Amino acid sequence: MSDTPDRDGAKAAEEAQLRAVWANPTGWRYWTSVNNYQIGLWYGATAFAFMLFAGLLGLLVRAQLAVPQNDLISPELYNQAFTLHGTVMMFLFAVPIFEAVAIFLLPPMLGARELPFPRLGAFGFWSFLIGGVFVCGSIFFGAAPNSGWFMYPPLATSEQAGIGADIWLLGLSFIEVASLAAAVELIVGIMKCRAPGMRVNLMPLFAWYLLIVAGMILFAFPPLIAGDLLFEMQRMFDWPFFDPARGGDPLLWQHLFWIFGHPEVYIIFLPAIALLAMIIPTFAGRPIVGYSWIVLAAVGTGFLSFGLWVHHMFATGLPQISLAFFSAASTAVAIPTGVQIFVFIATMLAGRVIFSTPMLFAMGGIAIFVMGGLTGVMVALVPFDWQAHDTYFIVAHLHYVLIGGMLFPVFAGLYYYYPLIDGKHMSDRVGRLAFWLMFTGFNITFFPMHLAGLRGMPRRVHTYPADIGWDWLNLISTMGAIVLGIGMFAVVVDVTLHRRRQPKGETNPWKAGTLEWISEPEENWGVRSIPRIESRYPLWDQPNLAREVRAGQWYLADAGEGRRETLVTSVLDAEPEHVLRVGGTSTVTVVSAATLGTVFVALTFKLWLVSLVAGVAFITAVIWWLWTGTGEIPEKPEKDIGRGVSLPIYASGVKSTGWWAMFITMTGDGTAFASLVFGYFFFWTIHDDFTGGLAGPGILWPMTALALFAAAWAATLGAREANRRGNVASARLLLIAAALLSAAACAAALAGPWTAGMDPTSHVYPAIVWILVIWAAVHGGVGVLMQLYCLARSLAGRLTPTHDMELHNVALYWHFMAVTALVTFGVVGLFPEAL
Amino acid sequence: MLRLLPKEVESLWTLFTAPVVWAGHFLLCYVVAAIFCEKPDFLGFDFANLRVAIGILTLLSLSVIVVSALLAWRQWGFGAGDPPHDDPTRRDRLHFQGYATLLLSGLSFIAVIFTALPALFIDGCLR
C-alpha cells in the first residue's frame, strides 16, 4: 500500500516489536510459554501420546482374548489394562484433544491474538500432564485402577480395588479441574474475543460447537467431581455414602457418574463433528448447506444429551416409567444427530467433492458413526438393552460411536490442519494407506463383537471357555486390532519421521475459506492485525483480507506499550469494546499446577502433612499469580487501535473478561453443589426415615450461619458500592466486617452438626449433612480470602474507585455464595423439621 | 395477536428458551415419577393422577414452546427472508437467531412429546 520508505520502515519496526512482545523465551524457559500456539501443540501431542499408550493396552487386552483359556497376562493385569484403556482414552485423550485443538485453532479462527486467559490455558495443560502421567504410570507399579472405567461401588470401594481406585479418583479430579479451566477459556474466548464484525451469524461452526461443548462441560463435569468427593470420603474416612448397611446406596454413584458420563460422549463427539463442519465445505468447494440447522443440531444435542444418563442404568431395577423417560430422550437425540449427518451429505451433494485424505477420514468416520448410532437406537430401547447389557454388543456399539464419531474425525483434522503447525504437509500416500488400514482394521475388530455380544459374551472377562461359539469371533477381532494398530503406526511414522524431510508448502493448501488459514505458522502472534469480518468464509469472500492483515493494515497492529494485547468485542455483533492485556510467559502456571498436583498425589498416599504444605503453596502461588498478573491499572485509559478507533484498556464488572470467568466458574461450582444436594434428596427418597433416627443439626446453628452469610454478602456488596462512590475508607471497613462475618458464618455452619454430635461414619445422614456444611464453609473460607485480597489491593493502591474489577468479581462470587448458603442451611436445617 | 407478544429481546440467551423448557419438563416428569414410585404416600395421589399431572405439565410446556416459536418467527421477520442469513448486518444476524430459535422450538416440541409418551402407555410403578 505505502510507497514511502518512511512508512515501510515504521511498519517494519512495528512488526519487529510485535514479534518481540509475542516471542517465546529460549532454553529451558521455553517451557514457561503460555502462548496458545505452544500450549495447544503440547496439549495435543501429550493427548496423542496417551492415546497411543491406551491403544497398546487395548492391543494387550485383545491379545489376551485371542484364544480361549489364554493365560498371556494375569487376571489382575488384565483388569488394570482394560480399566486404564477406557479411562485414558476417555479422560486423557478424547476430552483433552479437543481442548488442545481448540486452544490451538480458536485464536486465528476468531481473528484474535490470543485466548483471554493464556496462563489459565497453560495451567490446565500442566495439570493435565501431571495428572495423566500419574494415572498412566500406576500400571507399571501394578497399582492401576482395576474396577472398570466407571468405577462402580461396591467393587471400587472395597479393599480389592486397592490404591488404584484412589489414583483414579484423585488423578482424574485433578484433570477435571483442567477441563473446567478450558471451558472458562473457551466460552469467554468465543463470546468476547471474536474479530470485529464476526456476528453470531458469521461465526465459524467450529466456534459454535465449542461454545456448546464448553457449556456442557460446566454442567457435566461437576457432578463427577461431586461424586469423586463422596467416593473419596468413603474410601479415606469411611463415610458410608455408597454402603447400604449404613443407609448409603451404590446407585447414587451410578447417577452422578452417568450425569457426567453420558453428556461426555457428546462433549467428545461434537468437537469432532465441528472439525468435519470445517473440513467438508472446503473440499466441497462451497459454504455449508444449512448453517442454522447445524446450530440447531449442536444446541439440541447439547441439551438432550443430559436426558440420557439413566440409559446406562436400565438394568438396575428403576421403575419402568423412569426408564421410559430416558428411553424417549435417547431416541429423540437421534434427530439432531441425524440433522448434522444430512447437512454434511447435502453440502457434499451441492458441491464438487475432492476426495483428499482428510475427506477420506471424514467420510469413513461418518460411515462408522452412523452404524454406531443405529445400534445406539437399539440399546436405547429398554427390552433390547436388557438383553445386550454388559455384553460385547455394548463394547462394539461404543467403539463404533467413539472411533467413528471422534477418532476418525480427529485424524481428518490432523491431516487437514497439519500445515498450520509448521507449514509442512503430511504425506498423502501414507495417509491414504493409513486410512484404509484403520478403516478395515476397525471393522474387522469391532463388527464381530456385535455377534459375540449377541451370543452372550460378557464384557471384561479375562478369558472364556472354548466351544461356546466365541472362539473365532474373538480371533478375528484380535487380527483386526493388529491391522488397526498398523494403520495408526503409519500415521505416527508420518508425523514423526516423514515430515522432517518435507519442504515447507503453501500455508493454505486446501484453499479453505475460514479465517484460521490466515495464521502464519512461523509467527507467535496469532494474527498480524485484527481484521473486520464480513463473511462466514472471509478468505473466499474478502479477497484482499489476507494481504491486508499480514501487512498490518487492520486493528491493533502494534504492541507499542510492549504488552500482549487482544480485542474484546460484544457478544452478538462483535463490536469492539476494549483492549485486553493478556498474561505473558510465566513460571507461575507451572508452579501452581505442580503444587496442586502434589496435593492430589499426596492425598492418594495419605501423606496429610505433604498435602497440607502443598495446598498452602498452591494458594500462595495463585494469589501471587493474581496479584502480579491481573487487574493492573494501565498507564493510560485508552489505546488507539488504528483506523480511527480508540478503545479503553481497563474494564470492570460485566464488561470485563474476568467477571465472565468468575460467572462461568461459579456456574460449574454451583452444578457440583447441586449434585451434592441431589445426593441429600436421593437418600431421602430411598428411605422411609432417611435420618436413620439420628439427631440432625437442629435449626439454631444453620439459621445463625445463614444470617451471618447473608450479612457478609450484604457487607461485600456494600463495599463495592462504597468504593464505587469514592468512599474508600468505608469500603475497607465493610470488607473487614464482611471477612469477620464470613469467618463467623463458617464457624456457625460447622457448629450445627458438631454440637449435635453427628458422627459421619455411623450413617449416611450425618455424612451427607457434614458434606453439605463443609462445602458451604470451605466456600465461605475462599470468600474470606477474596475479601482480604480486595482489602490488600485497596491498601496497596491497586484497587481504586475507577479500577474496581476485583471487587465486582468478588461480589459476583458472593452472590453465588449467598445462594449456596440459602440452599445448604435451608436443606439441612429446615427440611428435616418440615417432614 | 402480535400486540400480545412481549417486546423484542436482543440476547444470545433467547436461543435456548425452548430447550430449557424441554429440560424443565423432563426433569419434573422424572423427579415426580421417581418420588411417586419410591414414596407412594408422600405425594398423596395415585398413579392415574400422576399421569394427568404429567399431561397438564406437557400441555403447559408445549404452550410455552409455541410462544417461544412465535417470538422466534417474529425475530425471523415472519419468514421475510430465506436462509442462509450470512450478510454482515444486524438484520441478518437477527434473522439467523430467529430462524435457529424457531428450529430449536420445533425440536423441543417433538422432544417434549417424546418424554410425555411413557405416561400414556405405562400405568404403574412396574420394575
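Protein chains in written order, with the working numbering: chain A, 1 to 835; chain B, 1 to 127.
Glycine residues also receive a C-beta, built at the ideal position from the N, C-alpha and C atoms.
Remember, predicted model here, so these are calculated numbers, not experimental data.
Against chain B, with Cβ distances strictly below 8 Å, would residue 291 of chain A count as a contact?
As a first step, residue 291 of chain A is located in the first sequence; it is residue number 291 there, counting from the start. So, interface residue.
Does residue 581 of chain A come out as helix, strand or coil in the three-state DSSP assignment?
Locating residue 581 of chain A in the first sequence gives position 581, where the first residue counts as 1. Looking at residue 581 of chain A - three-state DSSP - the assignment turns out to be strand.
Counting only Cβ pairs nearer than 7 Å, list the residues of chain A close to residue 115 of chain B.
Numbered from its first residue, the second sequence carries residue 115 of chain B at position 115. Here the neighbours are 325, 328 and 329.
Starting from the beta carbon of residue 295 of chain A, find every residue of chain B whose beta carbon is closer than 7 Å, and list them in chain order.
Counted from its first residue, the first sequence places residue 295 of chain A at position 295. Here the neighbours are 100.
Show which residues of chain B have a CB atom less than 7 Å away from the CB atom of residue 280 of chain A.
Walking along the first sequence from the start, residue 280 of chain A turns up at place 280. What residue 280 of chain A touches in chain B: nothing, since even the nearest Cβ is about 15 Å away.
To which residues of the same chain is residue 649 of chain A closer than 6 Å at the C-beta, ignoring the five residues directly before and after it?
Locating residue 649 of chain A in the first sequence gives position 649, counting from the first residue. 579, 634 and 639, listed in sequence order.
Note down, in chain order, all residues in the segment 30-63 of chain B with a beta-carbon under 8 Å from any beta-carbon belonging to chain A.
30, 33, 34, 35, 37, 38 and 39
Who are residue 642 of chain A's beta bridge partners in DSSP?
Locating residue 642 of chain A in the first sequence gives position 642, counting from the first residue. DSSP, once it has assigned bridges, lists A:645 as partnering residue 642 of chain A.
Return the CA-CA distance between residue 673 of chain A and residue 775 of chain A, expressed in angstroms with no decimal places.
Within the first sequence, the letter at position 673 stands for residue 673 of chain A. Within the first sequence, the letter at position 775 stands for residue 775 of chain A. Roughly 8 Å separates the two Cα atoms.
If you reduce the DSSP assignment to three classes, tell me which class residue 841 of chain A lands in.
Outside the shown range of chain A, which is 1 to 835, sits residue 841 of chain A, and nothing can be said about it.
Between residue 78 of chain B and chain A, is there a C-beta pair that is closer than 8 Å?
Working through the second sequence from its first residue, we reach residue 78 of chain B at position 78. Not an interface residue.
Decide yes or no for the touch test of the segment 243-254 of chain A against the segment 206-215 of chain A: beta carbon pairs closer than 8 Å, at least 3 of them.
Because the criterion of three Cβ pairs below 8 Å is not met, the segment 243-254 of chain A and the segment 206-215 of chain A do not touch.
If you pair each beta-carbon of the segment 760-770 of chain A with each one of the segment 727-739 of chain A, do three or more pairs fall below 8 Å?
Segments in contact, no.
Counting only C-beta atoms, is residue 257 of chain A closer than 8 Å to chain B at any point?
For this step, residue 257 of chain A is matched to residue 257 along the first sequence. No, no contact with chain B.
Output, in chain order, the set of chain B residues within a Cβ distance shorter than 7 Å of residue 307 of chain A.
As a working mapping, residue 307 of chain A is identified with position 307 in the first sequence. Simply 26.
Cβ of residue 96 of chain B less than 8 Å from any chain A Cβ?
Within the second sequence, numbered from 1, the residue matching residue 96 of chain B stands at position 96. Output row for residue 96 of chain B: interface = yes.
Interface residues of chain A around residue 8 of chain B at Cβ under 9 Å?
As a first step, residue 8 of chain B is located in the second sequence; it is residue number 8 there, counting from the start. Ordered by position in chain A, no residue passes the 9 Å Cβ test against residue 8 of chain B, which lies about 13 Å from the chain.
Sort out for me which residues DSSP pairs residue 566 of chain A with in a bridge.
As a working mapping, residue 566 of chain A is identified with position 566 in the first sequence. Paired residue(s): A:580.
Could you please tell me which residues of the segment 516-537 of chain A, in chain order, have their CB closer than 8 Å to any CB of chain B?
Residues passing the 8 Å Cβ filter: 533, 534, 535 and 536.
Got a sec: which bits of the segment 682-698 of chain A sit with their beta carbon under 7 Å from any beta carbon on chain B, in order along the chain?
685 and 686
Under 8 Å, with one C-beta from each stretch per pair, do the segment 706-722 of chain A and the segment 811-826 of chain A reach the 3-pair mark?
Put simply, the segment 706-722 of chain A touches the segment 811-826 of chain A. At least three CB pairs are less than 8 Å apart.
Strictly by DSSP, which residues pair up with residue 555 of chain A?
Your numbering for residue 555 of chain A matches position 555 in the first sequence. Paired residue(s): A:530.
Residues of chain A with CB under 7 Å from residue 103 of chain B, in chain order?
Here residue 103 of chain B is taken as the residue at index 103 of the second sequence, counted from 1. Here the neighbours are 292, 293 and 296.
What does residue 303 of chain A touch in chain B if you count any residue whose Cβ is under 7 Å from its own?
Numbered from its first residue, the first sequence carries residue 303 of chain A at position 303. Residues of chain B passing the Cβ test: 19, 22 and 23.
Mind checking who residue 391 of chain A pairs with in its DSSP beta bridge?
Reading the first sequence from its first residue, position 391 is the one you call residue 391 of chain A. Beta-bridge pairing links residue 391 of chain A to A:458.
Below 8 Å between beta carbons: does that hold for residue 80 of chain A and residue 132 of chain A?
As a working mapping, residue 80 of chain A is identified with position 80 in the first sequence. As a working mapping, residue 132 of chain A is identified with position 132 in the first sequence. For residue 80 of chain A and residue 132 of chain A, no; Cβs fall outside 8 Å.
Cβ-heavy atom distance between residue 736 of chain A and the ligand FAD below 7 Å?
Ligands displayed in this structure: none; no statement on the ligand FAD is therefore possible.
In terms of residues, what are the limits of the alpha helix (DSSP H) holding residue 786 of chain A?
By 1-based counting over the first sequence, the position of residue 786 of chain A is 786. First-last of the alpha helix (DSSP H) with residue 786 of chain A: 764-795.
Return the chain-ordered list of same chain residues with a C-beta closer than 7 Å to the C-beta of residue 107 of chain B, the five sequence neighbours on each side being excluded.
Residue numbering aside, residue 107 of chain B sits at position 107 when the second sequence is read from its first letter. Around residue 107 of chain B: no qualifying Cβ.
Select from A:129, A:39, A:43 and A:72 the residue whose C-alpha is nearest the C-alpha of residue 114 of chain A.
In the first sequence, the residue the question calls residue 114 of chain A occupies position 114. It is A:39 whose Cα lies nearest to the Cα of residue 114 of chain A.
If I measure Cβ to Cβ from residue 837 of chain A and keep anything under 7 Å in the same chain, skipping five residues before and after, which residues do I get?
Given a span of 1 to 835 for chain A in the structure shown, any question on residue 837 of chain A remains unanswerable.
Any residues in the segment 565-582 of chain A with a beta carbon nearer than 9 Å to a beta carbon of chain B? Which ones, in chain order?
571, 572 and 573
According to DSSP, is residue 177 of chain A part of a helix, a strand, or is it coil?
Position 177 of the first sequence, counted from the first residue, corresponds to residue 177 of chain A. Reduced to three states, the DSSP call for residue 177 of chain A is helix.
Please go through the segment 28-76 of chain B and give each complete alpha helix (DSSP H) segment of 4 or more residues, from N-terminal end onward.
47-75
Any idea what DSSP makes of residue 806 of chain A, helix, strand or coil?
Translated into the one-based positions of the first sequence, residue 806 of chain A becomes position 806. DSSP places residue 806 of chain A in helix when its eight states are reduced to three.
Tell whether a beta-carbon distance below 8 Å holds between residue 715 of chain A and residue 748 of chain A.
As a first step, residue 715 of chain A is located in the first sequence; it is residue number 715 there, counting from the start. As a first step, residue 748 of chain A is located in the first sequence; it is residue number 748 there, counting from the start. Taking 8 Å as the Cβ cut-off, residue 715 of chain A and residue 748 of chain A do not qualify as a contacting pair.
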